[in-house]
Amino acid sequence: MTTYQWTPVIVAHAAMAGAALLVGSAVLARRKGTPSHRVLGWTWVVLMASVASSSFAIRFNGFSWIHGLSVYTLFALVFGVANARRRNIRAHRITMISIFVGALVITGLFTLLPQRLIGQAVWGALG
Numbered sequence: 004m005t006t007y008q009w010t011p012v013i014v015a016h017a018a019m020a021g022a023a024l025l026v027g028s029a030v031l032a033r034r035k036g037t038p039s040h041r042v043l044g045w046t047w048v049v050l051m052a053s054v055a056s057s058s059f060a061i062r063f064n065g066f067s068w069i070h071g072l073s074v075y076t077l078f079a080l081v082f083g084v085a086n087a088r089r090r091n092i093r094a095h096r097i098t099m100i101s102i103f104v105g106a107l108v109i110t111g112l113f114t115l116l117p118q119r120l121i122g123q124a125v126w127g128a129l130g
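Start counting the sequence shown at 4; every next residue gets the next number (my numbering).
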């Protein structure tokens with residue numbers, strides 16, 4: 004089993020992903036189209052772009068499928084924002100929810116695998 008080390012980039016990446024999970028949950032739970040939705044939404048977009056971008060500095064054996072997801076996430080964020088600006092709210096909603104679920108929740112669950120850094124920390128702490 005590979006043992007990973009916490010580096011400043013990994014700590015920042017994990018912290019931004021955690022913040023994106025919290026902010027994204029707030030955006031999804033709150034009323035849409037309000038000024039607070041826009042502020043929280045832009046905050047979430049910046050966090051997600053930062054999480055995706057920082058992933059390119061995290062490579063253990065070259066690039067992996069997760070880096071491909073990061074590229075997709077960056078393009079999808081642009082697409083989602085563009086749809087909101089064009090007032091195509093249905094496409095905006097589908098895109099942003101898809102990014103939240105796919106790039107944040109599902110990928111985040113993969114970090115809990117025992118051979119992953121966060122998985123090692125969580126499962127190690129639990130005994």
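The beta-carbon is built from N, C-alpha and C at its ideal position, and this holds for glycine as well.
Note that this is a predicted model, so its numbers are computed, not measured.
Within the same chain, and ignoring the five residues on either side of His40 in sequence, the residues whose Cβ sits closer than 7 Å to its Cβ are Val30, Arg33 and Arg34. The C-beta separation of Leu112 from Val125 comes to about 11 Å, leaving the pair out of contact by the 8 Å criterion.
With respect to the 8 Å criterion, His16 and Ser67 are not classified as neighbours on the basis of their beta carbons. Between Ile61 and Thr110, the C-beta spacing is not below 8 Å. In the DSSP assignment, Thr110 falls within the alpha helix (DSSP H) that extends over Thr110 to Phe113. Contact between Ala23 and Leu50 holds, since their C-beta atoms are separated by about 4 Å, short of 8 Å. Contact annotation: Ala79 and Thr98 have beta-carbon atoms nearer than 8 Å. Contact annotation, Trp47 with Val26: C-beta distance approximately 5 Å; criterion of less than 8 Å satisfied. One alpha carbon belongs to Ser28, the other to Arg89, and they sit about 24 Å apart.
In the structure shown, the three-state DSSP call for Pro117 is coil. Annotated as distal: Ala94 and Thr76, with beta-carbon spacing of 8 Å or more.
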